[in-house]
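**Student:**
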Amino acid sequence: MSIRMVVAGGTGVVGRHVVEQARAAGHDVVPLSRSSGQDVVAGTGLAEALAGADVVIDVTSTSTASAKASVAFFRAATENLLAAEQAAGVGHHVALSIVGIDGETSGYYAGKVVQEQVLAAGPVPWTLLRATQFHELVPQLLGRLTFGPVAVVPEMRTAPIAAAEVATALVRLAEGAPRGRVADLGGPEEARLADLARRWSVAGGQRRRVVQVPLPGGSGRRMRDGSLLPAPGADRGRQTFAEWLADRRPGQR
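Structure representation (structure tokens):
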């Protein structure tokens, strides 16, 4: 059965896969973006875009590493979406979050914690999926953290997953009834972020030295001690980093 899905963050790393897969499944899909007149932080353009919607899939994101900025972004975006959904009679909000962020108060993760809290206290029935870091995180980080011949990445244990597989899970959840928090979703194998960065660099023929740096504080400790890995009982994706890497060339996201 075809339903009307609104995708907040529909032009992002996961969002574009959500839009593509939902349309391929025969759904009526409305991606939100500033270029088409919607701003989730300001709350503008949402009423028109959500008219007649059955479900909203929220995969919004921000590039900040500041806890204050991240909290402000996710609080405003989630509150504005939920208010617009309630006014439009939308019966289901599906949100994407991150495995292992419980109690986080620093950096980007602090905003995701607040997003989950706002969602749980909000007026719209919801489903929450937590996923591990995407394969696509590796080239994104290298693009920001490469200085000449050296790239500096956080020391981190991860079980990366393809963004397309996360999108598949989100679309399936959006097709069903609200379920609250569902089983976490992780990649098929554990790796260290620095090792993934080295593999990406080698595949692209780049002579880049990758240095892993332990970050301070609770966030850094979580990255190192496995807190961001999926727990037993989590769902798992199938595509390994090697398989994902073979499908693209470095420089592509």
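For the sequence shown, our numbering gives the first residue as 2, with consecutive numbering after it. For every residue, glycine included, the Cβ atom is placed at its ideal position computed from N, Cα and C. None of the values given here were measured: they were computed from a predicted structure.
(1) Alpha carbon to alpha carbon, how far is A184 from R131? Give it in angstroms, no decimals.
(2) Considering just the uninterrupted stretch of the alpha helix (DSSP H) at P179, what are its terminal residues?
(3) Pick helix, strand or coil for T159, following the three-state DSSP scheme.
(4) Residues in the same chain with beta-carbon distance under 8 Å from G44, minus the five sequence neighbours each way, listed in chain order, please.
(5) Using the Cα positions of P124 and E49, report the straight-line distance between them to the nearest angstrom.
(6) Any idea which residues DSSP pairs R193 with across the strands?
(7) Alpha carbons only, please: which of R208, V167, V8 and L194 is nearest the one belonging to G221?
(8) Would you say F75 and Q39 are within 7 Å of each other, going by their C-beta atoms?
(9) Taking the alpha carbon of D196 as the point to measure from, which residue in V139, S37, S34 and V15 has its own alpha carbon closest?
(10) Using the DSSP secondary-structure output, state which residues sit across from A78 in a beta bridge.
(11) Roughly how far, in whole angstroms, is the beta-carbon of A25 from the beta-carbon of M6, given that I think they are within contact range, below 8 Å?
(12) Less than 8 Å between the CB atoms is what I'm expecting for P231 and G187, so what's the real figure, rounded?
(13) Check each candidate in I4, R199 and R239 and name the one with the smallest Cα separation from V151.
**Tutor:** With the given structure in hand:
(1) Working through the sequence shown from its first residue, we reach residue 131 at position 130. Working through the sequence shown from its first residue, we reach residue 184 at position 183. Each residue's alpha carbon lies about 8 Å from the other.
(2) Position 178 of the sequence shown, counted from the first residue, corresponds to residue 179. That residue, P179, is in no alpha helix (DSSP H); it is neither H nor E in DSSP.
(3) Along the sequence shown, one-based indexing puts residue 159 at 158. Three-state result, T159: strand.
(4) For the purposes of this step, residue 44 is taken as the residue at position 43 of the sequence shown. Taken in chain order, the residues that qualify are A77, N81, A84 and A85.
(5) Position 123 of the sequence shown, counting from 1, holds the residue named residue 124. Position 48 of the sequence shown, counting from 1, holds the residue named residue 49. Between P124 and E49, the C-alpha separation is close to 19 Å.
(6) If you number the sequence shown from 1, residue 193 lands on position 192. Beta-bridge pairing links R193 to R158.
(7) To locate residue 221, count along the sequence shown from 1; it is residue 220. Measuring from the Cα of G221, the nearest candidate turns out to be L194.
(8) Locating residue 75 in the sequence shown gives position 74, counting from the first residue. Locating residue 39 in the sequence shown gives position 38, counting from the first residue. It is not a contact, given that the beta carbons lie outside the stated cut-off.
(9) Counting from one through the sequence shown, the residue named residue 196 turns up at place 195. Nearest to D196 by alpha-carbon distance, out of V139, S37, S34 and V15, is V139.
(10) Along the sequence shown, one-based indexing puts residue 78 at 77. Bridge partners of A78: none, in fact.
(11) Here residue 25 is taken as the residue at index 24 of the sequence shown, counted from 1. Here residue 6 is taken as the residue at index 5 of the sequence shown, counted from 1. No, A25 and M6 are not in contact; Cβ-Cβ is about 12 Å, not under 8 Å.
(12) Position 230 of the sequence shown, counting from 1, holds the residue named residue 231. Position 186 of the sequence shown, counting from 1, holds the residue named residue 187. Contact holds; Cβ gap of about 3 Å.
(13) Position 150 of the sequence shown, counting from 1, holds the residue named residue 151. Ranking the options by Cα distance to V151, first place goes to R199.
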